[in-house]
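What follows is a short report on a single structure.
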Amino acid sequence: MFFFPLSIYFMTKNPVPHHLAISVCNLETMTRFYNQVLGLPLLKKHFLENGTPRSAWLSCGSMIVMLELNDRVPSNKNNTRSHLLALTMEIKERDWWKTKLIGEGIVISKESPYSIYFNDPEGNPLALSHYPDSLTT
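Using my numbering, the letters of the sequence shown correspond one by one to residues 30 to 166.
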């Protein structure tokens, strides 16, 4: 028989996301995308001892998106990763976001009554969602 540690029964808070670290090949391109296209405010840039950029941290609500330079990461244009970062949008903003993404040359890969799906410049899957508000209700 398996027993949970006693401390689990006395927890008063559920864990919430702190950050999402994304390995990137081109830090400049990815920082521009998340900052200028998606509008995430840049919090801080980190550098190696020789002054080379190492990472960029961006605010995403109550969590941080950490873009971490790793030039050995293959491009993911085939969308084979097992994660998805879904960001919030208001249902009334949906057409504005679609126009903005298409204007930036971003291909919308799929849509649902709740979400718009697309990839960042290195192929990481993203979504903008207004769930639980549906276009069909």
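We put the CB at the ideal spot given by N, CA and C, even for glycine.
Asked, Found
"Reference I51; option with closest CA among L116, A85 and D162", "A85"
"Residue from T58, L157 and G80 with nearest C-alpha to I120", "L157"
"Boundaries of the alpha helix (DSSP H) in which I131 is found, first to last residue", "R123 to G132"
"Closest Cα partner of N153 within the set S88, K129, A115 and Y160", "A115"
"Cβ-Cβ distance between T58 and P150 below 8 Å", "yes"
"Cα-Cα separation between T165 and P142, rounded to whole angstroms", "6 Å"
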